[in-house]
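Going by the working numbering, the sequence shown wraps up at 140, each residue one higher than the last.
In this text, a Cβ means the ideal position worked out from N, Cα and C, and glycines have one as well.
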Amino acid sequence: MKRHMRTKILVESGPALAAQLADEVIAGYSVVEMVAPRQGLTMVKMRETAKKSLFFIGEALITEAMVEIDGHVGMGMIVGMDEERARHLAIIDAAYQAELPETKQWTNWLLAAQDELNAKQAKEHAQLMKTKVSFDTMDV
């Protein structure tokens, strides 16, 4: 599983899953905090639809952290002020970088969480489509 997809699942599924995985690593390995969780700003890119050009719409507040496990660096970043989640994401990233044995089991958990997220999104989409107005009232 790629880093982008893994992080997306961890962020969207809530803080409990990330905390559980990070606690598993903390219990068994030495986690060195390289950069303590800190707030910063990042520019948000958008694509203009007509010209298909990129532009910066503004800034977003983020919290970032960086840790090291057995010489492997992991980074966690989340929108908003959530130091604990940023630290958990960094620990999980470092665990995957170090290819710890625990990560093989995590992939199944992450895939299950992704299935739950997909089901939730499908349900929300179905509810939204119930309110959609059809403008096809004229015979052509």
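query                                                                                                                                                                               : result
Determine which residues share a DSSP beta bridge with Thr42 and list them.                                                                                                         : Ala60
Figure out for me which residue from Gln20, Ala27, Ser13 has the closest Cα to the Cα of Lys120.                                                                                    : Ser13
Distance check for Thr131 and Arg3, CA to CA, integer angstroms please.                                                                                                             : 36 Å
When you compare each of Trp109, Leu111, His125, Gly40 to Val79 by their alpha carbons, which one comes out closest?                                                                : Gly40
Note down the Cα distance separating Met66 from Ser30, rounded to an integer number of angstroms.                                                                                   : 14 Å
Are the segment 34 to 53 and the segment 5 to 21 touching, with three or more C-beta to C-beta distances below 8 Å?                                                                 : no
Tell me whether the segment 20 to 38 and the segment 56 to 74 touch, counting them as touching only if at least three CB pairs, one residue from each stretch, are closer than 8 Å. : yes
Can you give me the start and stop residues for the alpha helix (DSSP H) that Val11 sits inside?                                                                                    : 3 to 12
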